[in-house]
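Residue numbers (our numbering), protein chains in the order written: chain A, 92 to 278; chain B, 2 to 413.
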Amino acid sequence: MIEIRWHSRAGQGAVTGAKGLGDVVSRTGKQVQAFALYGSAKRGAAMRAYNRIDDKPIINHAKFMLPDYVLVIDPALAFTDNITENDKPETKYIITTHLDKKELIAQIPELQDKQDRVYVVDCMQISLDTIGRAIPNAPMLGAFVKVSGMFELEDFLESMKRVLAKFPQKIIDANMAAITRAYNEVN
Amino acid sequence: MAEKMELNDVEVWDGNYAAAQALRQAQVDVVAAYPITPSTPIVENYGAFVANGYIDGEFVMVESEHGAMSTCVGAAAAGGRVATATSSQGFLLMVEVLYQASGMRLPIVLNVVNRALASPLNVRGDHGDMYAGRDSGWIQLDAFNAQEAYDLNFCAFKIAEDINVRLPAMVHQDGFLTSHTAQNVSPLSDDEAYAFIGDYKPVEEMLDFSKAVTYGAQTEEDWHYEHKAKQHRALMDSYVVIDRVFEEFKQKTGREYKRVESYLMEDAEVAIVALGSTVETAIQAAQELRDNEGLKAGVVAPRCFRPFPFNEIRDALADVKAVAVLDRSCPMGAMGALFNEVSAAMYTTPSRPLITNFIYGLGGRDFSLEDAKHIFREQKGHADVGYITTHIQQFSGLRGPKLGFYETKRSK
Chain A
92 MIEIRWHSRA GQGAVTGAKG LGDVVSRTGK QVQAFALYGS AKRGAAMRAY
142 NRIDDKPIIN HAKFMLPDYV LVIDPALAFT DNITENDKPE TKYIITTHLD
192 KKELIAQIPE LQDKQDRVYV VDCMQISLDT IGRAIPNAPM LGAFVKVSGM
242 FELEDFLESM KRVLAKFPQK IIDANMAAIT RAYNEVN
Chain B
2 MAEKMELNDV EVWDGNYAAA QALRQAQVDV VAAYPITPST PIVENYGAFV
52 ANGYIDGEFV MVESEHGAMS TCVGAAAAGG RVATATSSQG FLLMVEVLYQ
102 ASGMRLPIVL NVVNRALASP LNVRGDHGDM YAGRDSGWIQ LDAFNAQEAY
152 DLNFCAFKIA EDINVRLPAM VHQDGFLTSH TAQNVSPLSD DEAYAFIGDY
202 KPVEEMLDFS KAVTYGAQTE EDWHYEHKAK QHRALMDSYV VIDRVFEEFK
252 QKTGREYKRV ESYLMEDAEV AIVALGSTVE TAIQAAQELR DNEGLKAGVV
302 APRCFRPFPF NEIRDALADV KAVAVLDRSC PMGAMGALFN EVSAAMYTTP
352 SRPLITNFIY GLGGRDFSLE DAKHIFREQK GHADVGYITT HIQQFSGLRG
402 PKLGFYETKR SK
């Protein structure tokens, strides 16, 4: 069982990202779960989304989890949200930021003993450059593909194309570019 | 003619979308709806299906949930296949009409995405609304995940419309925990799905002008009692059709449903009885306790909340020593409703296990594997000494000072 927690702001696409990830992963024959904690949340409010991935049916419906991956798609939440909550000694962090890794970790005391498990990528800039809007979910998926090593990039892009099939070609191409660039830039 | 939709063998759907797809495939004649969180996406997606040519039936937007259910009653009496969806306060506004629908024996299908009741206002899942429907004369089927929310919709149409039942049916799923959680769902093709429920066969339809009928007549003390007793009997006896439809569904899909589901109960010493998505979390907790602590834990869950499966509950719990019955609704001045019903059933058995009541998960409060394990371990404690060592009613996951009510008068 792999558990993933997304830290996001309502409107940044964490729910879509988590569901998209679930959709893609299900096409590899795995069982998936994607859910979020929101409801009356307002655009811009801090929120969390979650994924579980396993080989057997997922029957745990609790929101409580010890995440294997923490995906932070809003730069400020790395500072203001409790991103290390319930983490494990092997939990990996992928954080969107314009800072380089050293600068970021220097400013967040909770990450200082986890340096080798922290990865950074500028999802905001990537999505602005490729999609034209600050929708950081797609680039985060690219970074996750790289860091997790769960999929080949080409296979992931192919599945993602099918998930996005209902959108115009321009949007599909922009998302593919965003995923690919984040895959290459995450470090 | 409605267009067909190509579906993959496995889709990743949340419970709301699964229910919306089931309603589309059932080719409902009339859906009248007034959306409310967390059931909104059911009718939102259904509306999109209508707009995109996937549905021949009517989609009626109304001014309230009372209007929605009233429209459903009218359409069903006119002779159509009818369905809608709601939650929480919307469900409460429908309650007045729910009794009309069941009293008129109209086989409407209502998807209830369970949500807490105000005040305080809360959009998240508990079973307050589900419990508010328990005396309304409807069949109540309970889904524990998105796949089941999909499957049980087809069963609900087939059961409700059976000439030997002709009663409305609710399909319940947990708000957010099921309705907004995407999981792998294996859908039927449009043709397979429709073939399972078949064409709607109207009974005493008002639109048959050659044979005038009255719906919703008045009966005072001369006949009211007989009508209600007959309606009660129809609901009590509907289990025959429910079992048959579940069996037919299994033949078709390989997915098996029972009015009472039992998990890991073969040699269980202690059990949790629960409803909704909690059932699955409790199964995982039971399995982990068996694997790691040798605790023989099992889970029993009414799939069918109404008609209440009195006999099957007795059979399922016949050999356990201690049972925790979990109510996700605040009973306000009493023991939990599910606790009362399970206790009444078990009181008439020779084993009379030790039964305690947990209130939990109100307003969407998380219910974790650890919470379930704690409850199992406490039941094991009761079983070992032979009496209830805690309060009979406790509260799982509640912050603040420990709250509990009543102690046992049975000792070893």
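Glycine residues also receive a C-beta, built at the ideal position from the N, C-alpha and C atoms.
Per DSSP, residue i is paired with what?
i, result
"C305 of chain B", "B:L142"
"D145 of chain A", "A:Q122"
"V115 of chain A", "According to DSSP, V115 of chain A bridges with nothing at all."
"H375 of chain B", "Looking at the DSSP assignment, H375 of chain B forms no beta bridge with any residue, so it has no partner."
"H67 of chain B", "Answer is none; H67 of chain B lacks a bridge partner."
"H98 of chain A", "A:R139 and A:V163"
"F197 of chain B", "Answer is none; F197 of chain B lacks a bridge partner."
"E4 of chain B", "Its beta-bridge partners do not exist; DSSP assigns none."
"M171 of chain B", "B:L111 and B:Q141"
"Q394 of chain B", "B:N358 and B:F406"
"Q380 of chain B", "Beta-bridge pairing links Q380 of chain B to no other residue."
"N185 of chain B", "B:V13"
"S263 of chain B", "B:V301"
"I93 of chain A", "A:I144"
Under 8 Å between beta-carbons, which chain A residues line up against residue i? List them in chain order, please.
i, result
"T182 of chain B", "Q124, A125, F126 and H152"
The alpha helix (DSSP H) with residue i in it runs from where to where?
i, result
"H233 of chain B", "H225 to D238"
"A34 of chain B", "Not the alpha helix (DSSP H): A34 of chain B falls in the beta strand (DSSP E), residues V31 to A34."
"R25 of chain B", "G16 to Q26"
"A197 of chain A", "K192 to Q198"
"V236 of chain A", "N228 to S239"
"T283 of chain A", "This structure cannot settle anything about residue 283 of chain A, because the visible part of chain A is limited to 92 through 278."
"K47 of chain B", "In the sequence as displayed, the identity of residue 47 of chain B is Tyr instead of Lys. Start and end: T41 to A52."
"Q288 of chain B", "T279 to E294"
"Y151 of chain B", "A147 to E162"
"E245 of chain A", "L244 to V254"
"M62 of chain B", "No alpha helix (DSSP H) contains M62 of chain B, which is instead part of the beta strand (DSSP E) from E59 to M62."
"L339 of chain B", "A338 to Y348"
"N266 of chain A", "Q260 to E276"
"A218 of chain B", "Premise fails: A218 of chain B is in no alpha helix (DSSP H) and is neither H nor E."
"L355 of chain B", "It is not in any alpha helix (DSSP H) - L355 of chain B instead sits in the beta strand (DSSP E) that spans L355 to Y361."
"I314 of chain B", "F311 to A317"
Listing by chain order, which chain B residues have their CB less than 7 Å from the CB of residue i?
i, result
"G113 of chain A", "V13 and A183"
"K252 of chain A", "By Cβ distance, chain B contributes nothing, its closest Cβ being about 14 Å from K252 of chain A, past 7 Å."
"S117 of chain A", "V11, V13 and N185"
Looking at the secondary structure, which residues open and close the beta strand (DSSP E) in which residue i lies?
i, result
"Y210 of chain A", "V209 to V212"
"A84 of chain B", "V83 to T87"
"D328 of chain B", "A323 to D328"
"N115 of chain B", "V110 to N115"
"A272 of chain B", "V271 to V274"
Strictly below 7 Å CB to CB, what residues from chain A border residue i?
i, result
"L8 of chain B", "Simply none; closest approach about 13 Å."
Report the neighbours of residue i on chain B: residues whose CB is nearer than 9 Å to its CB, in chain order.
i, result
"K192 of chain A", "Going along chain B, no residue has its Cβ under 9 Å from K192 of chain A, so there is no contact; the nearest lies around 32 Å."
"I144 of chain A", "In chain order: nothing, as chain B lies at least about 11 Å away."
"K261 of chain A", "Under the 9 Å cutoff, chain B gives no residues; its nearest Cβ is about 22 Å from K261 of chain A."
"K133 of chain A", "The premise fails here: K133 of chain A is roughly 13 Å from chain B at the closest Cβ pair, so nothing lies under 9 Å."
"K110 of chain A", "V13, D15 and A183"
Name the chain B residues that come within less than 8 Å of residue i, Cβ to Cβ?
i, result
"I149 of chain A", "Q184"
Residues of the region 272-302 of chain B with Cβ closer than 8 Å to any Cβ of chain A, in chain order: S278, T279, E281, T282, I284 and Q285
Listed from N- to C-terminal order along the chain, which residues in the region 182-213 of chain B have their beta-carbon within a distance smaller than 7 Å of any beta-carbon of chain A? T182, A183, Q184 and N185
Any residues in the region 18-44 of chain B with a beta carbon nearer than 9 Å to a beta carbon of chain A? Which ones, in chain order? T38 and P39
Quick check: the region 129-142 of chain B against the region 169-177 of chain B, are there 3 or more CB pairs under 8 Å? yes
Note down, in chain order, all residues in the region 207-240 of chain A with a beta-carbon under 9 Å from any beta-carbon belonging to chain B. none
Using a Cβ-Cβ cut-off of less than 7 Å, give me the residues of the region 364-392 of chain B that come near chain A, in sequence order. D367, F368, S369 and L370
In the region 163-183 of chain B, which residues sit with their C-beta less than 8 Å from some C-beta in chain A, listed in chain order? D175, F177, L178, T179, H181, T182 and A183
If you pair each beta-carbon of the region 170-182 of chain A with each one of the region 108-122 of chain A, do three or more pairs fall below 8 Å? no
On the three-pair Cβ rule with 8 Å, is the region 303-310 of chain B touching the region 351-368 of chain B? no
With 8 Å as the limit, tell me which residues of the region 152-167 of chain A have their beta carbon closer than that to any beta carbon of chain B; keep them in chain order. H152, A153, K154 and F155
With a threshold of 8 Å, are at least 3 pairs of Cβ atoms found where one atom belongs to the region 201-211 of chain B and the other to the region 174-181 of chain B? no
Can you find at least 3 beta carbon pairs, one from the region 136-147 of chain A and one from the region 96-110 of chain A, that sit closer than 8 Å? yes
Should the region 333-349 of chain B be regarded as contacting the region 249-269 of chain B, the criterion being three or more beta carbon pairs within less than 8 Å? no
Is it the case that the region 53-69 of chain B contacts the region 10-21 of chain B, given that we only count it when at least three CB pairs across the two stretches are under 8 Å? no
Would you be able to state if there are at least three C-beta pairs under 8 Å between the region 143-151 of chain A and the region 175-192 of chain A? no
Taking contact to mean at least 3 C-beta pairs separated by less than 8 Å, is the region 150-166 of chain B in contact with the region 261-277 of chain B? no
Using 8 Å as the threshold, is the region 40-54 of chain B in touch with the region 18-32 of chain B, meaning 3 or more CB pairs across them? yes
Inter-stretch contact at 8 Å, needing at least 3 Cβ pairs: the region 82-97 of chain B / the region 117-134 of chain B: yes
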